[in-house]
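Undergrad: Going by the working numbering, the first residue of the sequence shown is number 2, and it counts up by one from there.
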Amino acid sequence: VGKEKFHKSQHWGYCNNVAMLLAEDKPGIGGEPLPGQKLKPEYSVFPKGMGSDAPAWVAFDKQVLSFDAYFEEEVPDKNQELYRIRHCKIYFYLEDDTIQVTEPQVKNSGIPQGTIVRRHRIPLPPPYEDQFYTIHHFNINIEVIFYGRLYKIIDCDQFTKNFLRKMGVRLNPPADRPDDPYTTMRRQILENMNPLRPYERIDTLKQFLEHDGEVLRFFCVWDDPESMFHDPRELVLRYYLSDDTIDIKEIMPVNSGRDAVPLFLRRDKLPKHAPTGLYQPGTITSRTLLNVFGKLVGNRGRYILDNRKTGAVHQEFYKDSDLKIGAVINVWGRKIILCDCDEFTKQYYRTKYGIEDFTPVTYKAPPPPKPERTFPPYTGFGSEEDSLCSCMGLILKAPKKDFKKFMEKDRNGMESNILRFVAKLVTDSPIDKDRKFIISYFLSDDTISVFEQAERNTGILGGKFLERGRIKEPGQELFKSEPSKYFKAQDLFVGARVCFHGHNFLLVDADEYTLNYMEKHANEFSKADIGIIFKKLKDKAEPNSREIRQVFAAGHPAHSKVIEYEPFRNLIASITDGAFSEHEIMTLARYYRVREQHEMDIHFLLAVAQEQLKKNSFDSFEQLSAVFKYNDREKRGVLPHEMCRTICKSFKMPLVDDDLQDLLTVFEDDHKQVKYEKFVDGLNWRKNQISAFQTIKAPLK
C-alpha cells in the first residue's frame, strides 16, 4: 500500500538528461497541465459574477469572516475540573486566505489569553498537509483542526452568513454554546459571597467620562458693603460638570488698588446654606458605620454599614439647575448675582432645560460718551494735514500717506492709472477760447496736473500750465477747523465744469484709456455705468418712443440699422432736455457702437516673428518639426491649438504670447486644428525669409 501511494504522488522525469523524482502536480512545458493531470488550487476560488475583475487582495481588502468557536482543554492533576471549555474567535481574511484565532479576555481566568494562533495560512491536517485551508473548508456546526487542536465552530456573524450564501454554501443550523463547568461554579460562589467589610458603591466615573472638560461660565457681580466706595466687584463663576464643583475668579480692573489673587474661591462643592460654624472633622462623611456589639465581645468590635444613614448630616450643594441669569447665590455669606453667561452655557441650558431667555442683568451704568474732539482752525502755515497732525499728540509726526492705494494705482506696465481729459477755458476772451489743455488726474495720490498744447501763430507758449498737486474745491473757507475737500476722480468727466485756482475749464473729450477705465470701474464712476444711464433714459424716453423710431428710420435710409454719432447725440440731448452729460451720451453710444473688424496681415505677422527669432538666434526648426510629428500619432498633419502652444513654450521660443496665439490662429483649419508644417515653414527665417518693409502696404487700422 505504501508503494502504491508513493507512485501516485510522484513520478520520474528528466532534467538536463538526468533522471529526477518529480511531484505529481508539476506541470508540463510552458506551465500547461499534462494530459489527465488535475491541479489543485492553492488559494480560494471565488465564482465569477457581475463584480469587478480586480484581484482578491484588492476586491476583498479589509473583509474578514468571523466565526464563533470553542475547544476543550484537558486539565490534569486537578479535582475541581477535569476539562476546560475555552471560547474563541476564528478570523478568515479573504484577501490572502490567512487565519487568526483569538480568545477574549476573561477576568481572573488565571491562564494567558489573547492571540492563540497568529495570522498566517494554516495547512490542512495530515495526510493533506501540502494544502491549506480555503473558504470552502468553513461552515457552521463543523469541526476544524489547527495544528492538532480540534475547534468546534458554533456560529458566525451576519456578514459571514451573507458571504457564504453568495458563495453557494448551504449553512448548517447554529450549535449550542456550552458553558465551562468550572467557570459556572466560580460565578455561583461569587454571587453567594457577601463582603466582610461595609461596602457601598459610589460611582462618579460615568459623570466624569461624559462631562470631562465641560465647564459652565457665568459673569457675576458682588456688591461689597464693607468696601470704602461700595463699588461692585466683577467675578467669573465656573461650574465643572464633571464633578459639580465651583470656583470663582475676580476680574481686577486697571488701577483698582487691590492685590491680585489667583482665585476668589478655590474649586470645591459650594453649599447652598452657609453654616454658622464649621463642622468638626468626621461629622460629614459619605458613609456611616454602626458598632453592633460595642465592647461586649472582648476588645473586637463588629461594624456594619448604616444603609438608612441614621444621624447623618445632609448638606445641599449648588447644582447646575440652581444657576441661572438673575439668580442670587450664597457664597459663604456673600450675595453674588449671576448677570450673564457664555455661549456654551446658553446652549447647555437650552438643550437640557429648554430655557430660551438669557437676557443679561445690567449692574453698572453705561460709560459716559467720549467728548467730541475739537481742533483749532487752520493757521495758514504748511499744509492742512501737517497742521492737523500737530494737534494729534505731543510728539509731532508727519502725515501718513495711503501707501496701499499708491501701490495699487501706480503705473504698472501698460496700465498708467492716469485719467486724461481735453479741456477748454470757459471765458469770453476770443484769445483764450481756442486754447486747449490736457488735464491729467493721477489715481495713485489724487493729484492733478494741467498741460497746455502749443499751437503755432497764437502768441501763447505751450507747456506746463499747472504744477502737479491736489486741488481744493472752490468756495471753501481758508481758515477753518474742518479739513478741506479736494477734487476726486468722480468729479472729472466729459462735459464737467471745474474751477482750478480761479480758472474755469470745460472737459470736452477724453482718451481711450480713460473711457475704458471708467467703464471697467463703473461702480466708482456713475457717469460711465450703463445700467444707471439706461434706467434714466428709459424713464424719459417712454413718452417719445414714436419720435425716436422716426429719427432712427431717417438716419439709415438703406435699412442698415446703423446711425451716425452726431444724430444720435442730438436725439438723446433733445429727449433728456440737457439732463444727460456728454460723458453719459458717449458711454451709451460706445456700448451700442459697431465694432470694426480688422483683417490680420499674415505676412506682417510672420515678418515680425521672423525678426524676433533672428535677433535671438533661434533656428531649432528641424527639432520643432520633429516634436510636432512625434505628437501627431494619427499622422494627420494637424494638432490642437493648446498642444502646439505648449510645444512652442517648451522650446523657449522668443515670441510674445499674444503674437504666438495670433500666429497659431492664422494656421488653423476649419476644425480649430493647427497645420504645424506650414506653421514651422512660415517661421523658418533661414529658408523662407520675409522682409517686414516689403509687406507693409498701408498703415495698420
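Idealized CB from N, CA, C, for every residue including glycine.
Predicted model, so just to flag it, every value in this text is computed and none were measured.
Going by DSSP, which residues form a beta bridge with Asp28?
TA: The question names Asp, but residue 28 is Pro in the sequence shown. Answer is none; Pro28 lacks a bridge partner.
Undergrad: Please confirm whether Tyr349 and Pro233 have their CB atoms less than 8 Å apart.
TA: Contact flag unset, no.
Undergrad: If you follow the beta strand (DSSP E) that Ile100 is part of, which residue opens it and which one closes it?
TA: Run containing Ile100: Thr99 to Thr103, per the beta strand (DSSP E) assignment.
Undergrad: Return helix, strand or coil for Leu479, following the three-state DSSP convention.
TA: If DSSP states are grouped into helix, strand and coil, Leu479 belongs with coil.
Undergrad: Assuming Gly683 is part of the alpha helix (DSSP H), what are its boundary residues?
TA: Counting along the chain, the alpha helix (DSSP H) containing Gly683 begins and ends at Tyr677 to Leu684.
Undergrad: On the three-state DSSP scale, how would you describe Asn517?
TA: Reduced to three states, the DSSP call for Asn517 is helix.
Undergrad: Anyone know if the C-beta pair for Phe452 and Phe466 falls short of 8 Å?
TA: Yes, the Cβ-Cβ distance between Phe452 and Phe466 is below 8 Å.
Undergrad: Report the three-state DSSP secondary structure of Tyr92 (helix, strand or coil).
TA: DSSP places Tyr92 in strand when its eight states are reduced to three.
Undergrad: Would you mind sorting Leu508 into buried or exposed? The rule is 16 or more other CB atoms within 10 Å of its CB.
TA: Classification of Leu508: buried, given that the 10 Å Cβ count is 16 or more.
Undergrad: State buried or exposed for Thr311, treating a residue as buried only when at least 16 other CB atoms are found within 10 Å of its CB.
TA: Exposed: under 16 other Cβ atoms inside 10 Å.
Undergrad: Per DSSP, what kind of secondary structure is Gly327 in: helix, strand or coil?
TA: Gly327: coil per DSSP, three-state reduction.
Undergrad: Rounded to the nearest angstrom, what separates Tyr183 and Ile112 at their Cα positions?
TA: Tyr183 and Ile112: Cα-Cα distance of roughly 13 Å.
Undergrad: Could you tell me the boundaries of the alpha helix (DSSP H) in which Asp660 lies?
TA: Residues Asp658 to Val667.
Undergrad: Does the distance from the C-beta atom of Val293 to that of Ile285 stay below 8 Å?
TA: The answer is no: Cβ separation not under 8 Å.
Undergrad: Taking the continuous beta strand (DSSP E) assigned at Leu236, which residues delimit it?
TA: Taken as a continuous stretch (DSSP letters only), the beta strand (DSSP E) holding Leu236 covers Pro233 to Tyr241.
Undergrad: On a CA-only basis, which of Val107, Ser391 and Ser417 is nearest Arg188? Give me that one, please.
TA: Looking at the Cα atoms, Val107 is the closest of the given residues.
Undergrad: Please list the terminal residues of the continuous beta strand (DSSP E) segment that includes Thr577.
TA: From DSSP, Thr577 is part of no beta strand (DSSP E) but of the alpha helix (DSSP H) over Tyr566 to Thr577.
Undergrad: By DSSP, does Tyr84 sit in helix, in strand, or in coil?
TA: Strand at Tyr84.
Undergrad: Helix, strand or coil, according to DSSP, for Leu397 in the structure here?
TA: Looking at Leu397 - three-state DSSP - the assignment turns out to be coil, as it is neither helix nor strand.
Undergrad: For Ile472, which residues from the same chain have a beta carbon less than 6 Å from its beta carbon, with the 5 sequence-adjacent residues on both sides left out?
TA: The answer, listed in chain order, is Ile449, Phe488 and Phe501.
Undergrad: In terms of residues, what are the limits of the beta strand (DSSP E) holding Pro641?
TA: Element bounds for Pro641: Val639 to Pro641.
Undergrad: Write down the C-beta distance between Leu66 and Phe47 rounded to the nearest angstrom, noting that I regard them as a contact closer than 8 Å.
TA: Leu66 to Phe47, Cβ: 13 Å. No contact.
Undergrad: Taking just the CA atoms, how far does Glu635 sit from Glu600?
TA: Only weak support exists for where Glu600 lies, its pLDDT of 46 falling under 50; the value from the coordinates is given anyway. Near 33 Å, if we compare the C-alpha coordinates of Glu635 and Glu600.
Undergrad: In terms of residue numbering, what span does the beta strand (DSSP E) encompassing Ile285 cover?
TA: Ile285 -> no beta strand (DSSP E), and no H or E assigned at all.
Undergrad: Would Ile91 pass as a contact of Ile123 if the rule is Cβ separation under 8 Å?
TA: Contact flag unset, no.
Undergrad: When we look at the beta-carbon of Phe318 and count the other beta-carbons within 10 Å, is it buried (16 or more) or exposed?
TA: By the neighbour-count rule (16 or more Cβ atoms within 10 Å), Phe318 is not buried but exposed.
Undergrad: Quick one: give me the first and last residue of the alpha helix (DSSP H) that Asn1 is part of.
TA: Residue 1 is absent from the model: the chain starts at 2 and stops at 702.
Undergrad: Just reading off the beta strand (DSSP E) that Lys153 is part of, what are its end residues?
TA: That run of the beta strand (DSSP E) goes Arg150 to Cys157.
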